[in-house]
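Worksheet: one structure, shown below.
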Amino acid sequence: MSRRFGEEVPNFEEVSKDIGSRAAADGDLLKWIREDEIGRKSTIKTPFGWTPVTYCDYTASARALDSIEGYLKNEVLPIYGNTHSSGTTTAEQSTLFLHEARDVIRNSVNASEHDAVLFCGSGSTAASNVLANAFVDSPQEIAVVCGIHEHHSNLLPWRRLTQNVTVIGETDSGQLNLTELEDKLKELSKTKNLRIVGCFTAASNVTGVLADVFAVTSVLKTYNALAVWDYATAAPYVEINMNGTYPLDAVFFSGHKFIGGVQSPGVLVVKKSILDATRPNRVGGGTVFFVSPNEEVFLKEAEYREEAGTPDLVGAVRLALAFKLKNSVGHERIAQREKEIADYLIGRLSRNKNIVLLGSQQTSRRLPVLSFLIRDAPSGIFFHHNLVGIILNDLFGIQSRSGCACAGPYAQHLLGIDENLAKRYLDLLLEDSRLDRVHLRRQGEYSAFEFFRPGFTRVSVPYFADDSQLVFVADAIEFVAEHITEFMPQYQLNCESGEYHHYRQRVFHNRKWIGHLQFTGKGLVDESRNEQDDTVLSYDQLLKKAAELATQPLDPKISVPDGRTLFDETNVNLKWFVMASEVMQKDRKPQSCPFEPTKYTIVEGENGDSRETVAARIEASPKHEDEDLLKEECGVEECVECDIASGDQKDAEQCPLNGDECPLISEAACDINGNGDCPLEPNDESADEPPLDDWNRRVIVEARELTNEEEKALRWCQPTMDMFRKVREAIQAMGMIQEGDRILVCLSGGKDSLSLLHLMKFYQQRCRKYRKVNFHLGAITVDPGSAAYNPRPLIDYCRSLNIDYFYEEQDIIGQARRAKECRSICGFCSRMKRGRLAAAAQLHGYNVLALGQHLDDLTESFLITAFQNGILSTMKAHYTTKDKQLRVIRPLVYVREKELRDFAEQNNLPVIPENCPACFSSPTERYRMKQLLASQELLFPKLFNSLKSAIKPLLEVNSPFSSEMRSMAVQNIVQHQTKTSKDENNED
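UniProt numbering puts the first residue of the sequence shown at 1, with every later residue one more than the last.
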């Protein structure tokens, strides 16, 4: 008797045939989806109070369903095991889950035995790259024909494959131009040994316009071209038929865009004949039949051969369930509802004179995906898309998407930007290629003119949304179109990111942190103290509240910068958006916009029912579901209207973090960009912070007595003489080291402090050689207890150097988490570490702390304090603490950061990775100053010599008291100016 793979196997063919009748009979299915969606009750904290989330970004990613996640938790994960085996129950069941998930998708898209269904990883991007790579070794030349609507994922892989890529335009109604397509195919078909690949999107992710898959495929097949379709946007909503009248050669889509398909893999369904039968796209486990020491034989079945490694089993099952849900609703029913939604939204918004809808307004073949601009009527130009998006978020909780939607060429076409204009924007946006990205620690692209990048705002509403949500979304967009000028002065533009943030919420408040989670004997404990508000305002209440806020006068504390200073003769003619300072002028004049969105025509009778009829039907529908939600949230039969507009602002101002808790091992919760939440105090350098009491976690390394031979064998590194001379100049000019000093080098494990340790040792050796000042040298590290920072390797390293070393371990991060007020993670940690350093130094008999800040650090601090605090100040090179117990020195004040980096790299110093997210995960003001100085240094190569001279009177200040520092700085400046004048007179 043969082994059975499972009992009660469902008949997929019968299931698929029965979908339509069951969907029609289930009238409550859409309501069930709404109620089952995870996050439907969530609220977010905005500058105007707590707001319920209205998610309108399904084109980017859909959301999870509680029932699907529950099935995975209860049925899949308990018996989860690795696939590629049937030797154990968990492995076999997991393998069978994967097979069945593949079969569900195979049957849903009408794939045959000649088609391979491949799970490809991260969405359509991974799937399209797998497909494009299948043609890399083709004996024929490849010519690709694609449409103007393409997403980057269906354009860039083909561009990398071949330079022979042709883009087919669209008709005046927004559909692919079939005449142009046929003409191009005729031309290409005349070339011998040429394989033509036609790649088109089934639905635009910008406008939602659906392609005529049947008509386009028929033209492709006429000229023996392959028909490849990108269903990323369309797959969750429309029928996919791999083997219809004109079979498709390949389709790919993103699982995460399906309702309930969050975090599921991308899928490629492709004719097996296209895939190379001998060499898979990726090699590894699961793709081979046999591997010997000298050769390997790959599996012949494409679905196994092309999926190397452990598959995303849970994601595949999740996607299969999402497909089953789509099939249960039925694509005809989905199409009907989506047309109603598109008719209503386009009908409403197209009548507003301030709203410019992009693309064709035909609705007979489209998804309810709308991209739009809001025009400033007096000036004739537009409001920035990021401003529109953030105001929709802050006032109404609407989650839209702003930008170009990863469809750059089509977006530019819709906006009316031709190739020459696009090149001008690119030249403006590009960063200077001469900048050293490694030195600047660049984590992303940088441009001082990112705000010039053209874009739009996009909303997408799912088919299961009720009528009240449609009306609310339209009302909210129209409200912003009419009242955006009342709110714009409250928002500030970040030129480097193009983002707008409310002046009271420049950082992400109420953020959730993985770092707050701790695993204990009692299980997973969430130590965060995020605010929660279960009050849910109805759509009408949100609109009423927004109307009231629009009438409130502008806070006199708000200072609106003059945006005109951002523009000069090189870029002013590329300005397409209005600035806050301009909307403050009631008599603003018309401006010339560098582009005007493309206009389309609508074929008469194309849209079926009139939009007025659809609007009347939708707006007349009862809004009971919104009321039910309010009852469920409030727990009462009637929900009393709550006014949360009053009082919140006052309370927020009183709270150091505007209500936020202090996340400790994460991004800086405090914005030090001069935004007021965290005043920058670079001169608050007193080392007399109260030391922490927990001294029981310490490692002490004591230097040993060594012979001369052993001393020479130590791993000390000799610096370059140029760098040493700079250190010697600073030490001697400012009297940093005195006879008998016991100096403790503060060692963090970074390149600067490690280099300082070796420089100080070399200086000590030179002093001994020439019988100059005699001093003792030691080192100390304070470990603040962050899981992202592990300096313990320094213990063995310092032991190998035979130096007195103290490793102090203190849960500073934990104490900061428990602190009632924490305005700056870095500031709190720095002050606590200074207190620990001071106490340890005194305990062990040291009187000097040596810190590793360099010339770059000092110049950056100089500019920051000038820009943000309005004073001339920087870090001090040598000073005595308030309690007179310690002196603090910075011997590297004349050394450049690049010199230290080169020294550390050339000598393979054991640099500890700077992975603390609190310091390095978000661009800080210091990072921006580094960018500014680097760009200026390209123009003025001697910039840092000039800055060194400028800040020299400031770094010579030797008092820890703020009341004395400024007067001493003024005295030093006067003395330096007097000396300079005398020197100039002597020269004359």
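Using N, Cα and C, we set each Cβ at its ideal position, and we do this for glycine too.
Other residues of its chain near R34: CB distance less than 8 Å, five sequence neighbours each side excluded: Here residue 34 is taken as the residue at index 34 of the sequence shown, counted from 1. The answer, listed in chain order, is R40, F464, A465, D466, E625.
Buried versus exposed, by CB contacts within 10 Å (16 or more), K751: Counting from one through the sequence shown, the residue named residue 751 turns up at place 751. Buried, by the Cβ-count rule.
Beta carbon of T877 nearer than 8 Å to that of L947: As a working mapping, residue 877 is identified with position 877 in the sequence shown. As a working mapping, residue 947 is identified with position 947 in the sequence shown. According to the sequence provided, residue 877 is Ala. The question's Thr does not apply to it. Not a contact, by the Cβ cut-off of 8 Å.
Anticipated Cβ contact below 8 Å, L248 with T217, distance rounded: The residue given as residue 248 occupies position 248 in the sequence shown. The residue given as residue 217 occupies position 217 in the sequence shown. The pair is a contact, with the Cβ atoms about 6 Å apart (cut-off 8 Å).
As assigned by DSSP and simplified to three states, the class of P52: Residue numbering aside, residue 52 sits at position 52 when the sequence shown is read from its first letter. Strand at P52.
Among L414, G416, F451, the one whose alpha carbon lies nearest that of L430: Numbered from its first residue, the sequence shown carries residue 430 at position 430. Closest by alpha carbon: F451.
Segment contact flag, the segment 547 to 565 with the segment 484 to 498, C-beta cutoff 8 Å, min 3 pairs: The answer is yes - the segment 484 to 498 touches the segment 547 to 565, with three or more Cβ pairs under 8 Å.
Spatial distance of P561 from L428 (CA atoms): What you label residue 561 is simply residue 561 of the sequence shown in a count that begins at 1. What you label residue 428 is simply residue 428 of the sequence shown in a count that begins at 1. Those two C-alpha atoms are separated by around 22 Å.
Other residues of its chain near I812: CB distance less than 7 Å, five sequence neighbours each side excluded: Here the question's residue 812 lines up with position 812 in the sequence shown. For I812, where only same-chain residues beyond five positions count, the Cβ hits under 7 Å are P784, G785, C829, M832, K833.
DSSP bridge partner residues for G255 (one or two, in chain order): Start at 1 with the first residue of the sequence shown, and residue 255 comes out as number 255. Paired residue(s): none; G255 is not in a bridge.
Beta-carbon spacing of V130, L268 below 8 Å: Here residue 130 is taken as the residue at index 130 of the sequence shown, counted from 1. Here residue 268 is taken as the residue at index 268 of the sequence shown, counted from 1. The answer is yes: Cβ separation under 8 Å.
Reduced DSSP category for residue 996 - H, G, I as helix; E, B as strand; rest coil: Past the boundaries of the shown model lies residue 996; the chain is included only from 1 to 988, so the question cannot be answered.
contact_flag[the segment 586 to 602, the segment 362 to 380] where n(CB pairs < 8 Å) is 3 or more: yes
Cβ pair S959, Y879 closer than 8 Å: Counting from one through the sequence shown, the residue named residue 959 turns up at place 959. Counting from one through the sequence shown, the residue named residue 879 turns up at place 879. Closer than 8 Å, so yes.
DSSP-derived helix/strand/coil call for G286: Here residue 286 corresponds to residue number 286 of the sequence shown, with the count starting at 1. Here G286 sits in coil by DSSP.
Test item: CB-CB of V144 and T162 under 8 Å: As a first step, residue 144 must be located in the sequence shown, where it is residue number 144. As a first step, residue 162 must be located in the sequence shown, where it is residue number 162. In this structure, T162 lies closer than 8 Å to V144 by Cβ.
Contacts around R366, its chain only, beta-carbon distance under 6 Å, and the 5 residues preceding and following it disregarded: Here residue 366 is taken as the residue at index 366 of the sequence shown, counted from 1. Excluding positions up to five away in sequence, the list reads G208, V209, L210, A342.
Simplified DSSP assignment, three categories, for N107: By one-based count along the sequence shown, residue 107 stands at place 107. Of the three classes helix, strand and coil, the one that applies to N107 here is helix, per DSSP.
I973, DSSP secondary structure in three states: Taking the first residue of the sequence shown as 1, we reach residue 973 at position 973. Three-state DSSP puts I973 in a helix.
Cut-off 8 Å between Cβ atoms - residues of its own chain near K186, not counting five sequence neighbours on either side: The count along the sequence shown starts at 1 and reaches residue 186 at position 186. Sequence-distant Cβ neighbours of K186 in its own chain, meaning closer than 8 Å and more than five residues away, are Y223.
Unbroken alpha helix (DSSP H) run spanning E496, endpoints: As a working mapping, residue 496 is identified with position 496 in the sequence shown. Here E496 belongs to no alpha helix (DSSP H), and DSSP marks it neither H nor E.
With 16 other Cβ atoms within 10 Å as the buried cut-off, status of M721: Within the sequence shown, the letter at position 721 stands for residue 721. It counts as exposed.
Rounded C-alpha distance that separates N972 from M875: By 1-based counting over the sequence shown, the position of residue 972 is 972. By 1-based counting over the sequence shown, the position of residue 875 is 875. Whole-angstrom Cα-Cα distance: 15 Å.
Rounded separation between G70 and V228 - CA only: If you number the sequence shown from 1, residue 70 lands on position 70. If you number the sequence shown from 1, residue 228 lands on position 228. Approximately 36 Å between the Cα atoms of the pair.
Neighbour flag for Q362 against chain B, beta carbons, 8 Å: Of the protein chains in this structure there is only one, and it is not chain B.
Unbroken beta strand (DSSP E) run spanning D783, endpoints: For this step, residue 783 is matched to residue 783 along the sequence shown. Its beta strand (DSSP E) spans residues 776 to 783.
Straight-line gap, F449 to V578 (C-alpha atoms, nearest Å): Residue mapping note: residue 449 aligns to position 449 of the sequence shown, counting from 1. Residue mapping note: residue 578 aligns to position 578 of the sequence shown, counting from 1. Near 15 Å, if we compare the C-alpha coordinates of V578 and F449.
Reference Y805; option with closest CA among K423, T59, V782: Start at 1 with the first residue of the sequence shown, and residue 805 comes out as number 805. Taking only the C-alpha atoms, the option nearest Y805 is V782.
Cβ neighbour criterion (16 or more within 10 Å) applied to I700: Stepping through the sequence shown from its first residue, residue 700 is reached at position 700. So I700 ends up on the exposed side.
Three-way DSSP call (helix, strand, coil) for A143 in this model: Here the question's residue 143 lines up with position 143 in the sequence shown. The answer is strand: DSSP assigns A143 an E or B state.
Status (buried if at least 16 other CB within 10 Å, exposed otherwise) for F200: Along the sequence shown, one-based indexing puts residue 200 at 200. Buried, by the Cβ-count rule.
Rounded straight-line distance, which links the Cα of P236 to that of F323: Within the sequence shown, numbered from 1, the residue matching residue 323 stands at position 323. Within the sequence shown, numbered from 1, the residue matching residue 236 stands at position 236. Distance between the alpha carbons of F323 and P236 is about 8 Å.
Endpoints, the alpha helix (DSSP H) within which A134 is located: Taking the sequence shown and counting its residues from 1, the one referred to as residue 134 is at position 134. Looking at the DSSP string, A134 is not in any alpha helix (DSSP H), and its letter there is neither H nor E.
Per DSSP, cross-strand counterpart(s) of H878: Looking up residue 878 in the sequence shown gives position 878. Beta-bridge pairing links H878 to I889.
C-beta contact flag for D276 and D115 at 8 Å: Numbered from its first residue, the sequence shown carries residue 276 at position 276. Numbered from its first residue, the sequence shown carries residue 115 at position 115. No, the pair does not count as a contact, with Cβ atoms beyond the cut-off.
Distance, D436 Cα to A422 Cα: Counted from its first residue, the sequence shown places residue 422 at position 422. Counted from its first residue, the sequence shown places residue 436 at position 436. Near 26 Å, if we compare the C-alpha coordinates of D436 and A422.
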